Amino acid sequence: MYMVYWTILEDGADTPHSQAFDTSEMIPAMTFMEGLRKRQRAGEGVCFITMSSEHPDSVGHPGVDVTGPDYDWKKRRR
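For what it's worth, the working numbering labels the leading residue of the sequence shown as 1, then goes sequentially.
Put into structure tokens, the structure is as follows:
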């Protein structure tokens, strides 16, 4: 699933908006975002245009989980 988020600035007020798209609708979601960006470039008060995704068949929970005592990751530096 995809969610497109944007904010409309009118008369000093910020109004957040969102629209959902199905997992199979990435191209329509991106087309919708481009329409918002065109409005923004034309001078309308559209800002903070972004898209987020969450796959319904994802394995595990998003984010960081607790690590065990055997976890020993180190960033390699040169």
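Glycine residues also receive a C-beta, built at the ideal position from the N, C-alpha and C atoms.
The structure presented is a predicted model; accordingly, all values stated were derived computationally and were not measured.
Quick one: residues in its chain with C-beta nearer than 7 angstroms to the C-beta of residue i, no 5 flanking neighbours on either side, listed in chain order?
i     : result
Met33 : Val4, Ile49, Met51
Met26 : Tyr2
Gly45 : Ile8, Leu9, Glu10
Glu54 : Met1
If you follow the beta strand (DSSP E) that residue i is in, where does it begin and where does it stop?
i     : result
Glu10 : 2-10
Could you tell me which residues DSSP pairs with residue i in its beta bridges?
i     : result
Thr67 : Answer by DSSP bridge pairing: none, since Thr67 is not bridged.
Asp72 : BP columns for Asp72 are empty, so no partner.
Pro62 : In the DSSP output, where bridge partners are listed per residue, Pro62 has none listed.
For a quick check, are the C-beta atoms of residue i and residue j less than 9 angstroms apart?
i     : j    : result
Pro16 : Thr7 : yes
Which ranges would you report for the alpha helix (DSSP H) in the stretch 18-59 if only whole runs of at least 4 residues count? 26-41
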